[in-house]
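Beneath this line is the structure, given in structure tokens, with notes to follow.
Residue numbers (the numbering used here), protein chains in the order written: chain A, 130 to 355; chain B, 130 to 355; chain C, 130 to 355; chain D, 130 to 355.
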């Protein structure tokens, strides 16, 4: 590219930025406490916003969080009108499933696999009826041990499979956090710690974890912007 | 009453039946496996229908079941459009809560008390928005022992309190099955059996149990018909 | 009694106290975190020691705690040689059962009722083989609500029944804490609070709770000293 | 070795077999329902007995089962005097752990990992005090799916690690059923079925499973006989 061409190109981009009434793409992240923390400083949504800006897409994307601590799939279904649909998003990223598995132990109030799938599909159906694009995420981790010995590993793998199957059925993009975390931890958790690599407490993300999730989100969201 | 009077009366009733376009009151019973079984022969809805007919209210009431085994409060919420609202009922009787408590033990997939209340209120709100009258029931029993030693007694009492509180807040009629069962069993289960008085298996109703529930329902429904 | 008699009596008692090598009765309290805290200042064992001293039984009783947090009936069985038998007690007071019920919810590691009974009887058998007198206690509370709506009320009542049945079979004295707490709370918890009357956190005893337990223990232990 | 030597040797072995009152090695298999079924026709202990006989070790080994359905590690501890020590075994094979994990879901009466280890070590200690050789087994499966998505996979892996660690500490032979099953199923369960390959119901062994376990036991027991 010649210098002249460059100048012309930059100039026209510059003008576009000020003249074209850009339609921002609104993305809502819909989930639990991880997403609730995602809008805090160092949260994954804030980190993703930085990534977007570094990619010079200042005006293209508007990110919003809709996470509430302790939420399971049916909690999302219950509050989706007020917390998601009313915001008129273009894209909704669903990041749920950890509490559905985790709360089986503990309060004994997890979600059966068949009902998890039923509510998950019901949420997607309502979003798609409003022409909202849906991105799904598999649940990251409950415990960072890499020898498949975290108590809920089997169940998280099961629920991740359900999400992948739904995504395949409906041709939805998947942020496969379950797989990405496993792969990252295999390399970066050589002493088989149960927390402290990407999480503070086996579940909630530390700054590194938030950055990692932001990166994984970006890999899937970026191609959708073209 | 003279014979003549009787003939006249019967005649006029006969004519009314063919001439007056009676508006039937449609009642949908919305619940779990107990209600699913309620429409079977000997089920509580069938028994209630007999009671209604014995009261010479042949054409006044139309009873329908909308029960599905294993359902918890959020399952009702998920399927209420298709299974209840689309039937245009005048009255909906909500009979749910046993699985919300029971499944804590077992699969570990019960319902937290705060979410039980939230979904319960959400169901009522949707019904009332359609001008449907709502009747609520407290959950009957998981175990029939009368010395307060059935494993879930405490939790069932708790969830019953939640339902009574909602009913008081919203001035709804309550079929207090929890209380009615306790009272009946105090008298009729002198040897503290865990099943076989009103249930077959500590939860599901035997013929006597179905008749008993029908009777309790009738006590609350009958005054609503006037 | 004349003054002379009194003086002689007091004198002889005074001499006995200094001359007779009194055989102290050694009582070991065997249990969980409540008993572990029982030997702390304000703990129920410390309070009971004060009661004993107020009764002028300075030298008659030696109280010792053998409580470990989180213990269930089988944990007692595992450690009874080292922690109880090796101390050569005359009396052992078994106060266990709360964790056996409580941990069903939570970690999912409670104790089945039939195994609870089996281990409980095995502990008693081993104690009696050493000619140790056994006193049993029913489990106090998990939650102080008085309307039978604490989640584990049913199960605690069930396990209390098991203990009472064992005691009846073997003619053992029972400190029926379950019943005593219920009776006390009926009077002293008019607003149906779930904690703060006798416990700090629904389970562990506050100073009032420790004093109350000490008093209940004393009612059963005192007659055994005669 | 010359032919003459060979003949002499074979001859003397032949005579020994008929003249020497061979001391049989008594092996007791100590476990849960899988071991209880192990002494039934087609059970793994019966199959192992056939393997032993095929190896022409008719008189060398005496196999006995000491399995009781539903047993967890502490149940073994409770009944080890009557059911194992009183039989004067030379070798005890401990095969336990499935119920300790499995019953967390369900009745909520599994065993905490730290207590599992504590009781496991206590059993071994008692056996070794009697100069009994101990062989340990890792728990096989709860579900045969090969994609790490059986609900209890993580926990079974955890408890298997505990057993392997104990074995390493104490230099005990390990029948690593967990690993052996995983390896076998990887090859023989291409469609990721949850049962029917080595089990009838995800846990209990079918004839193929019993034969497989017998073979794995033999691999570890055979070298001990030399």
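Positions of the beta carbon are idealized from the N, C-alpha and C atoms, including for glycine.
Could you name the residues of the same chain whose beta carbon sits closer than 6 Å to that of residue i, not counting the 5 residues immediately before and after it, in chain order?
| i | result |
| --- | --- |
| residue 256/A | 221 and 263 |
| residue 310/D | 269 and 270 |
| residue 291/A | 246 |
Are there 16 or more other CB atoms within 10 angstroms of the CB of residue i, so buried, or fewer, so exposed?
| i | result |
| --- | --- |
| residue 315/D | exposed |
| residue 254/B | exposed |
| residue 228/D | buried |
| residue 143/D | Bear in mind that a pLDDT of 47 at residue 143/D, under 50, signals an unreliable position, so the number given afterwards is only what the model happens to contain. Residue 143/D is exposed by the Cβ-count criterion. |
| residue 273/C | buried |
| residue 141/B | Model confidence at residue 141/B stands at a pLDDT of 49, short of 50, so the residue's coordinates are unreliable and nothing is read from them. |
| residue 211/A | exposed |
| residue 354/D | exposed |
| residue 234/C | buried |
| residue 176/B | buried |
| residue 149/C | The predicted position of residue 149/C is uncertain, since its pLDDT is 49 and thus under 50; no value can be drawn from it. |
| residue 364/D | In the structure displayed, chain D extends from 130 to 355; residue 364/D sits before or after that span and is not available. |
| residue 296/D | buried |
| residue 169/B | exposed |
| residue 282/C | buried |
| residue 130/B | Legend: pLDDT at residue 130/B = 49, less than 50; position of this residue unreliable, value from coordinates given subsequently. That one is exposed. |
| residue 184/B | exposed |
| residue 319/B | exposed |
| residue 330/D | exposed |
| residue 279/C | buried |
| residue 189/C | exposed |
| residue 298/B | exposed |
Name, in chain order, the residues that DSSP records as bridge partners for residue i.
| i | result |
| --- | --- |
| residue 246/A | Answer is none; residue 246/A lacks a bridge partner. |
| residue 262/A | 220/A |
| residue 156/D | 192/D and 220/D |
| residue 304/D | 266/D |
| residue 334/D | 328/D |
| residue 235/C | 235/A |
Can you pull the chain B residues whose beta carbon is under 8 Å from the beta carbon of residue i, in chain order?
| i | result |
| --- | --- |
| residue 204/A | 244 |
| residue 207/A | 203, 206, 247, 248 and 251 |
| residue 290/C | 276 and 278 |
Going along chain D in order, which residues have a C-beta closer than 7 Å to the C-beta of residue i?
| i | result |
| --- | --- |
| residue 286/A | 276, 277 and 278 |
Given residue i, which residues of its chain have a CB within under 7 Å of its CB, disregarding the five upstream and five downstream residues?
| i | result |
| --- | --- |
| residue 146/D | Low confidence applies to residue 146/D: its pLDDT is 46, below 50, so where it sits in the model is not reliable, and the reading given next is rough at best. Cβ neighbours of residue 146/D beyond the five flanking positions: none. |
| residue 199/C | 161, 162 and 228 |
| residue 248/A | 202, 203 and 206 |
| residue 287/D | 242 |
| residue 328/A | 270, 273, 334, 335 and 338 |
| residue 343/B | 173, 176, 177 and 180 |
| residue 259/C | 214 |
| residue 289/A | 267, 268 and 307 |
| residue 251/D | 206 |
| residue 345/C | 304, 306 and 309 |
Give me, in chain order, the residues of the same chain whose beta-carbon lies closer than 8 Å to that of residue i; leave out the 5 immediate sequence neighbours on both sides.
| i | result |
| --- | --- |
| residue 191/B | 153, 154, 155 and 156 |
| residue 349/B | 264, 302, 303 and 304 |
| residue 293/A | 267, 303 and 305 |
| residue 186/D | 354 |
| residue 322/C | 273 and 274 |
List the residues of chain A whose Cβ lies closer than 7 Å to the Cβ of residue i, in chain order.
| i | result |
| --- | --- |
| residue 283/D | 277, 278, 279, 280, 281, 282 and 283 |
Less than 7 Å separating the Cβ of residue i from some heavy atom of the ligand MG?
| i | result |
| --- | --- |
| residue 314/D | For the ligand MG, the structure offers nothing, since it holds no ligand at all. |
Please list the residues of the stretch 229-257 of chain D that have a C-beta atom closer than 8 Å to any C-beta atom in chain B, keeping them in chain order. Within the stretch 229-257 of chain D, the residues whose Cβ lies closer than 8 Å to some Cβ of chain B are 234, 235, 236 and 237, listed in chain order.
In chain order, what residues of the stretch 293-308 of chain C put their CB closer than 8 Å to some CB of chain D? Taking 8 Å as the Cβ-Cβ cut-off against chain D, none of the residues of the stretch 293-308 of chain C qualify.
Contact residues within the stretch 309-323 of chain D, judged by C-beta distance below 8 Å to chain C: Residues: none.
Tell me which residues of the stretch 264-275 of chain A have at least one Cβ-Cβ distance to chain D shorter than 7 Å, keeping chain order. Residues passing the 7 Å Cβ filter: none.
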